[in-house]
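K.L.:
Chains as they are written, first to last, in our numbering: chain X, 1 to 573; chain Z, 574 to 661.
Okay, here's the structure, questions in a sec.
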Amino acid sequence: YNTFEGELKWDHNDLTYRILNYSPDLDPDVIDDAFARAFKVWSDVTPLTFTRIYSGEPDINIMFGTENHGDPYPFDGKDGLLAHAYPPGPGMQGDAHFDDDEFWTLGTGIVVKTRFGNAEGAACHFPFVFDGQSYNSCTSDGRSDGLPWCSTTPDFDQDKKYGFCPSELLYTYGGNSNGEPCVFPFIFDGVSYKGCTKDGRQDGYRWCSTTANYDQDHKYGFCPNRDTSVIGGNSQGDPCVFPFTFLGKRYNSCTSEGRGDRKLWCATTSSYDQDKKWGFCPDQGYSLFLVAAHEFGHSLGLEHSDVKDALMYPMYSYVKDFELHEDDVNGIQYLYGSGPHPAPPKPTDKPIPTTTPSTSITTTTPSTRTTTTTPLTPSVNPALDACKVKMFDAIAELQGALHFFKDGLFWTVTSKNKNAPQSPRKISDTWPALPSKIDTAFQDPTSKNMFFFSGRKFWQYTGKSVLGPRSIEKLGLSKDVEGIMGSFARDNGKALLFNGERYWRLNVKTLTIDKGYPRLTDVDYAGVPSDSHDVFLYQGKYYFCQDRFFWRMTSRKQVDRVGYVKYDLLHCP
Amino acid sequence: APTASKTPVSITFPGEIRKNMTSVEVAEWYLVKFGYLPLQQGSNHHVSLKKALSQMQSKLGLKVTGNLDAETLDAMKTPRCAVPDIGN
């Protein structure tokens, strides 16, 4: 392995990163996940932690760009140079840039992650059979609204599993429209547009207005690539047009004619000869996860390795079951040490769904030539009954409602509602950054910030923005603290964190543990179980839970009731 | 019977960068870009090119010949990280 001249490295271990923009090639969730997994490659073998931030200046900025993209090192179109990153330091140092003239995938071809439908965000399965016909790409057949869809199993006729494909008619990304779909036609600079355009931009990204008049409303978003979009050339993102004419000959599929490199291409108008508009047809693409893991190695201070199988070897090769090479481990641990992780888990090159598609928009199942509306499968089985849960992972009062967390789901109860809660919601739908198991949570009454704890990590939500995961060590808790099992906030900017017999007082503003802590729970809160697995504040009283029961304590620290979680808090029959 | 293929047509596609370079041009571009060859060329260009090729072949684990052989040219055409291998 090699390090940069002067052994450039970060002077702190809690690094932050920010994703400045997205590639149209992949669903933003898949990109987020690829970057998170790429950072995990390095955090698994070092004491480094990586926290994503959504505003402000991070240590590592991540961006996609093409050719001249704002630094002195332009990219070169498709293939060749894939990405670059700067060694640790202030400003642009540490940043990672990815060439968006590449076709970004997970290394094995186009990834068409679906949204909505009933397949919970699964990827398209090509080919698939619909109404007896085979499809190799998304289709709007069977629909009257023109939305492209695909089957997520080989046989839609049999399995009826489907989702909607990336389309500007369904959503946009980035911009200022919160993912709203394009509105066609729209007016821009006095001209009417019936499709996405690159006009008005110098970076080549396709965009659209999300209202009928951009000049008036200034609402816009970027268009996701459809599965048939070309890569690079001079028509990035436009679909192939078949048949097209090239040197007087008609082509009904992608061809390598005219190229010395045998790469497949197509025209994006019906006549290449006349319009000279073209792009490459989708191929295996480059694994964003693998390239990002390599680039982040530079961001952390590693130079290129001479070892062919090492991640930090400069040339790209796809590896199905990626494992960090010993040479990379030695290099990064030379800079930062080995960290607390005993045995790094093996990362995979498969995306972990980070969000579940909502089924709240008006969507209809693709029908067999006639459009019929069928009920949609809800994202969570309503049969899951809070009253059948023996012990919850966490209970917390958030935003005025009591939240009961269990295995990735949560139910809510308000003081006005005296009935048992209905369908649960997914934690990932409301707080996408959180893991499925929450140990405890509280909301600071002043800032309204919400804090969630799971294992030795915690997350801070400010509205929809999240900071974390961060290690509880950052709060000043020692390494022997396995986690926080209970918590509640007070009105004075302090919160109490409980674990078994001990508890700590946290300054919520500075996120530091006050001096004089930990203290013993049974000394200051006498009469409640010292091994409570959950502690929370509800309507001004403290609750200490053990098994199915709670001990309720007044603000004067007197136990005034022992009751059942199931009957007294959940109002189960 | 298969018909004899006609001579393949190769055209310049609009919008492509760094295309239609000769092998030597590709090699020089690569060696400069990734730090094996200084930008300024002197009178002993041939000697320094051979030295740079050897250095590149050694660094990337190729057979060290000092010549622009097929293996070396293939390596130069392989997609890769844009960070230089040598120097800053």
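The C-beta atom is built at its ideal place from N, Cα and C for all residues, glycine as well.
Taking the continuous alpha helix (DSSP H) assigned at residue 31 (chain X), which residues delimit it?
P.N.:
Taken as a continuous stretch (DSSP letters only), the alpha helix (DSSP H) holding residue 31 (chain X) covers 28-43.
K.L.:
Against residue 315 (chain X), what residues of chain Z qualify as contacts under a CB-to-CB distance less than 9 Å, listed in chain order?
P.N.:
Within 9 Å Cβ-Cβ: 633, 648, 651, 652, 653 and 654.
K.L.:
What are the residues of the region 275-288 of chain X that lie near chain Z, defined by any Cβ-Cβ distance shorter than 8 Å?
P.N.:
So the list reads 276, 278 and 286, given in the order they occur along the chain.
K.L.:
Beta-carbon of residue 349 (chain X) versus every beta-carbon of chain Z: anything under 9 Å?
P.N.:
Reliability of the predicted coordinates at residue 349 (chain X) is poor, the pLDDT of 44 falling under 50, and the value obtained from them is presented with this limitation in mind. No, because no Cβ of chain Z sits closer than 9 Å to the Cβ of residue 349 (chain X).
K.L.:
Check whether the Cβ atoms of residue 86 (chain X) and residue 305 (chain X) sit closer than 9 Å, and answer yes or no.
P.N.:
No, the pair does not count as a contact, with Cβ atoms beyond the cut-off.
K.L.:
Along the chain, where does the beta strand (DSSP E) that runs through residue 430 (chain X) open and close?
P.N.:
Note, residue 430 (chain X): premise wrong, no beta strand (DSSP E); alpha helix (DSSP H) at 427-430.
K.L.:
Just reading off the beta strand (DSSP E) that residue 574 (chain X) is part of, what are its end residues?
P.N.:
Residue 574 (chain X) cannot be examined here, being either before or after the span of chain X that is shown, 1 to 573.
K.L.:
Using alpha carbons as the reference points, say which of X:114, X:58, X:528 and X:103 lies closest to residue 92 (chain X).
P.N.:
Ranking the options by Cα distance to residue 92 (chain X), first place goes to X:58.
K.L.:
Closer than 9 Å, CB to CB, is residue 639 (chain Z) near chain X or not?
P.N.:
It does not; no Cβ of chain X falls within 9 Å.
K.L.:
Pop quiz: residue 296 (chain X) and residue 96 (chain X) are said to be a contact at Cβ under 8 Å. What is the actual Cβ separation, rounded to whole angstroms?
P.N.:
Right, the Cβ-Cβ distance comes to about 6 Å (below 8 Å), so this counts as a contact.
K.L.:
Quick one: using the 10 Å Cβ neighbour count with 16 as the cut-off for buried, is residue 36 (chain X) buried or exposed?
P.N.:
Result: buried.
K.L.:
Buried or exposed: which applies to residue 440 (chain X), given that a residue is buried once 16 or more other Cβ atoms fall within 10 Å of its Cβ?
P.N.:
Burial call: buried.
K.L.:
Take residue 141 (chain X) and list the residues in its own chain whose beta-carbon comes closer than 6 Å to its own, dropping the five residues that flank it on each side.
P.N.:
None.
K.L.:
Could you please tell me which residues of the region 299-310 of chain X, in chain order, have their CB closer than 7 Å to any CB of chain Z?
P.N.:
Per Cβ criterion, the list reads 304, 306 and 308.
K.L.:
Helix, strand or coil for residue 298 (chain X)? Go by DSSP, reduced to three states.
P.N.:
Three-state result, residue 298 (chain X): helix.
K.L.:
Could you check if residue 208 (chain X) is buried or exposed, using at least 16 other CB atoms within 10 Å of its CB as the buried criterion?
P.N.:
Flag for residue 208 (chain X) reads buried.
K.L.:
Indicate whether residue 47 (chain X) and residue 316 (chain X) have their beta-carbon atoms separated by less than 9 Å.
P.N.:
No, they are not a contact pair.
K.L.:
Contact between the region 183-190 of chain X and the region 211-220 of chain X is defined here as three or more beta-carbon pairs at a separation below 8 Å; is this criterion met?
P.N.:
Yes, the region 183-190 of chain X touches the region 211-220 of chain X.
K.L.:
May I have the straight-line CA-CA distance separating residue 74 (chain X) from residue 657 (chain Z), to the nearest angstrom?
P.N.:
Cα to Cα, the separation comes out at about 13 Å.
K.L.:
Using a 10 Å radius around the Cβ and a threshold of 16 neighbouring Cβ atoms, would you call residue 654 (chain Z) buried or exposed?
P.N.:
Buried: at least 16 other Cβ atoms inside 10 Å.
K.L.:
Under 9 Å, Cβ to Cβ, is there at least one residue of chain X near residue 645 (chain Z)?
P.N.:
For residue 645 (chain Z), the answer is no, since every Cβ of chain X falls outside 9 Å of its Cβ.
K.L.:
Looking only at C-alpha atoms, which of X:231, X:425 and X:177 sits nearest to residue 219 (chain X)?
P.N.:
Taking only the C-alpha atoms, the option nearest residue 219 (chain X) is X:177.
K.L.:
Per DSSP, residue 541 (chain X) is paired with what?
P.N.:
Answer is X:538.
K.L.:
List the residues that DSSP assigns as beta-bridge partners of residue 10 (chain X).
P.N.:
DSSP output for residue 10 (chain X) lists no bridge partner at all.
K.L.:
Determine the direct distance from the alpha carbon of residue 13 (chain X) to that of residue 311 (chain X), and round the result to whole angstroms.
P.N.:
Taking the straight line from one Cα to the other gives about 21 Å.
K.L.:
Taking C-alpha atoms, which residue in X:180, X:504 and X:500 lies nearest to residue 531 (chain X)?
P.N.:
Selected option, being the one with the closest Cα: X:500.
K.L.:
Just to confirm the assignment, what range does the alpha helix (DSSP H) spanning residue 274 (chain X) have?
P.N.:
That run of the alpha helix (DSSP H) goes 272-275.
K.L.:
Could you compute how far the alpha carbon of residue 378 (chain X) sits from the alpha carbon of residue 494 (chain X)?
P.N.:
Low confidence applies to residue 378 (chain X): its pLDDT is 32, below 50, so where it sits in the model is not reliable, and the reading given next is rough at best. So the alpha carbons of these two residues sit roughly 39 Å apart.
K.L.:
Could you tell me whether the Cβ of residue 658 (chain Z) comes closer than 9 Å to any Cβ of chain X?
P.N.:
Closer than 9 Å to some Cβ of chain X, the Cβ of residue 658 (chain Z) qualifies, so yes.
K.L.:
Once DSSP output is grouped into helix, strand and coil, what is the label at residue 16 (chain X)?
P.N.:
Three-state DSSP puts residue 16 (chain X) in a strand.
K.L.:
Here's the rule: buried if 16 or more other CB atoms are within 10 angstroms of the residue's CB, otherwise exposed. What is residue 594 (chain Z)?
P.N.:
Residue 594 (chain Z) comes out exposed.
K.L.:
Indicate whether residue 466 (chain X) and residue 431 (chain X) have their beta-carbon atoms separated by less than 9 Å.
P.N.:
A contact, by the Cβ cut-off of 9 Å.
K.L.:
Measure the CB-CB distance between residue 481 (chain X) and residue 519 (chain X) and report whether it falls below 9 Å.
P.N.:
Going by C-beta atoms, residue 481 (chain X) is not nearer than 9 Å to residue 519 (chain X).
K.L.:
Quick one: what's residue 69 (chain X) bridged to in DSSP?
P.N.:
DSSP, once it has assigned bridges, lists no residue as partnering residue 69 (chain X).
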